[in-house]
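Residue numbers (this note's numbering): 380 to 579.
C-beta atoms are modelled at their ideal positions from N, C-alpha and C, and glycine is treated no differently.
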């Protein structure tokens, strides 16, 4: 669904799997990847170097609805780091809060691009997986979403943050869809059980 050119955002890039596919398969597309956890970010940088992804820009930043710093936790169980479950310590997130804690810089996406002087990008798509913090990240990108109307691929847990995210994006004109039999169809909470959504 994404064009071969333009700009895609990987928010919550983790170890860099999606960043790799977004950048490697389409060398004329620019990819901005955001990953605040140091272990994950080092791996993301390794991938960019190994595959010579010159169109990938990686930033060791968290995104949110205000600027400053926040705490993130990397869950550890039986001495094993659960990289895919790293998340913001927030009063709406009660699960897996034991582990290694990091102080991370956080910025609103609207401010990030204006601070860089990059306010005329053709942002066509966003992949976001930030472990139950999606609403706050997208709220901090409201102007960007209104301006570019990118396709959003998003993981959402089944809780109040999912409801707030869907209501927010629906107000901006997005339709909530899911992938079924290789086609996007309208999401029906009475019929569909999933954590993965497309907002178009």
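Legend entry - At least 3 beta-carbon pairs within less than 8 Å: the region 415-424 vs the region 380-398: yes
Legend entry - Distance, residue 513 Cα to residue 523 Cα: 15 Å
Inset, instruction - Go to residue 408, then tell me how far its alpha helix (DSSP H) extends in each direction, as first and last residue. - result: It is not in any alpha helix (DSSP H) - residue 408 carries neither H nor E in the DSSP assignment.
Inset, instruction - Give a yes or no on whether the C-beta atoms belonging to residue 437 and residue 488 are separated by under 8 Å. - result: With a cutoff of 8 Å on beta-carbon distance, residue 437 and residue 488 are scored as not near each other.
Inset, instruction - Tell whether a beta-carbon distance below 8 Å holds between residue 340 and residue 485. - result: Shown here, the chain extends from 380 to 579; a query on residue 340 therefore has no answer.
Legend entry - Straight-line gap, residue 411 to residue 544 (C-alpha atoms, nearest Å): 22 Å
Inset, instruction - Taking residue 417 as part of the alpha helix (DSSP H), name the residues at either end of that continuous run. - result: Start and end: 417-429.
Inset, instruction - Identify every run of the alpha helix (DSSP H) within the region 451-533, keeping only runs that are complete inside it and at least 4 residues long; order them along the chain. - result: Counting whole runs of 4 or more residues, the region 451-533 contains the alpha helix (DSSP H) stretches 488-494, 513-518 and 521-527.
Legend entry - Contact check, residue 505 vs residue 416, beta carbons under 8 Å: Not a contact, by the Cβ cut-off of 8 Å.
Legend entry - 6 Å Cβ shell around residue 531 - same chain, five flanking residues per side excluded: 505 and 578
Inset, instruction - Identify whether residue 539 lies in helix, strand or coil by the three-state DSSP scheme. - result: helix
Inset, instruction - In angstroms with no decimal places, state the Cα-to-Cα distance between residue 571 and residue 552. - result: 22 Å
Legend entry - Nearest-angstrom beta carbon gap, residue 419 and residue 465 [assumed within contact, 8 Å]: 7 Å
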